[in-house]
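Protein chains in written order, with our numbering: chain A, 1 to 148; chain B, 1001 to 1148. In this text, a Cβ means the ideal position worked out from N, Cα and C, and glycines have one as well. No experiment lies behind these values; they were computed from the predicted model shown.
Okay, here's the thing in structure tokens:
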């Protein structure tokens, strides 16, 4: 395996993902399948609604952030094995045409006392083209430790 | 608007969603787009991997749980406006052929002291056909209060 181990990670390590644009057709396609509310799928209803236009489903934004995580392949062949998410906040609407950039920082590395694995806590913040944070969350991942 | 207001919700209110089956083609399709790891998209690699077969992306499971939430339309025309998620845990692998059922319970209703809105905390637990919990999370939603 040519991937990183728990031992290779240090709290404070941080990196940016690749900026990605939100496409209207994708907003509607995702939401029709998983989150079919007028604010996500109906341009006309959304235009006169509280957000003044279509906004992306929060789950769509989260999925796109995952795609960017994978695309940047930060840990080599080590699988990104999610245990859970804490403090996910959808802070601002995400609209078609927005360009989002994720910043990821390792905030904790905890080694199991009994097994060659551990837990990594990653803080992700996602900002739009205006520098506004639109999403933040803490991801817990299971991570292998280097074999003895 | 023919939807529920904050005033209509009481902690302890609980209901089940509709059981839904995980389809292999959907597992692969979602993951190819958003979470392209071998355990989610490559049947042969997954078969000899740690899970002994394909498993669904955790984000896919979360999106399907959202779809079921919408389909059951528990609050009428009131939009499901997510503020965030706490304590999301992917507790067990979800595999093609699994049948999942969500249970939702209102655990807190907090009214704003200054505006006619509030926050509803919903606890969701999702079990498979063996009665095992595969996902749990707390969803925070913004909810309108009844006009005076």
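Query raised in the report: In the DSSP assignment, what are the bridge partners of residue 3/A?
Result: 76/A
Query raised in the report: Is there a Cβ from chain A that is less than 8 Å from the Cβ of residue 1084/B?
Result: yes
Report task. Whole angstroms is fine: what's the gap from residue 1089/B's alpha carbon to residue 25/A's? Result -> 30 Å
Requested in this report: Take residue 144/A and list the residues in its own chain whose beta-carbon comes closer than 7 Å to its own, dropping the five residues that flank it on each side.
Outcome: Within its own chain, the residues whose Cβ lies closer than 7 Å to the Cβ of residue 144/A, once the five positions on either side in sequence are excluded, are 5, 6, 78, 116 and 117, listed in chain order.
**Report entry** Integer-rounded CB distance, given that residue 97/A should sit under 8 Å from residue 21/A
**Finding:** 7 Å
Query raised in the report: Which residues bound the beta strand (DSSP E) around residue 1099/B?
Result: 1099 to 1111
Query - Burial state of residue 1057/B (16 or more Cβ within 10 Å) - result: Residue 1057/B should be labelled buried.
Requested in this report: Would you please verify whether the beta carbon of residue 87/A is less than 8 Å from any beta carbon of chain B?
Outcome: For residue 87/A, the nearest beta carbon of chain B is closer than 8 Å to its own beta carbon.
Requested in this report: Would you kindly work out how many angstroms separate the C-alpha atoms of residue 41/A and residue 27/A, rounded to a whole number?
Outcome: 7 Å
Query raised in the report: Using the beta-carbon of each residue, which ones in chain B are nearer than 9 Å to residue 67/A?
Result: 1033, 1034, 1035 and 1036, listed in chain order.
Requested in this report: Count the other CB atoms, across all protein chains shown, that sit within 10 Å of the CB of residue 1082/B; report buried if there are 16 or more and exposed otherwise.
Outcome: buried
Query raised in the report: If we cut at 8 Å on Cβ distances, does residue 141/A have a partner in chain B?
Result: no
**Report entry** residue 1026/B: first and last residue of the uninterrupted beta strand (DSSP E) it sits in
**Finding:** Counting along the chain, residue 1026/B falls outside any beta strand (DSSP E), though it belongs to the alpha helix (DSSP H) covering 1024 to 1034.
**Report entry** Cβ of residue 62/A within 8 Å of any chain B Cβ
**Finding:** yes
Query raised in the report: Between the C-alpha atoms of residue 1010/B and residue 55/A, what's the straight-line distance to the nearest angstrom?
Result: 29 Å
**Report entry** residue 14/A, DSSP secondary structure in three states
**Finding:** Residue 14/A: strand per DSSP, three-state reduction.
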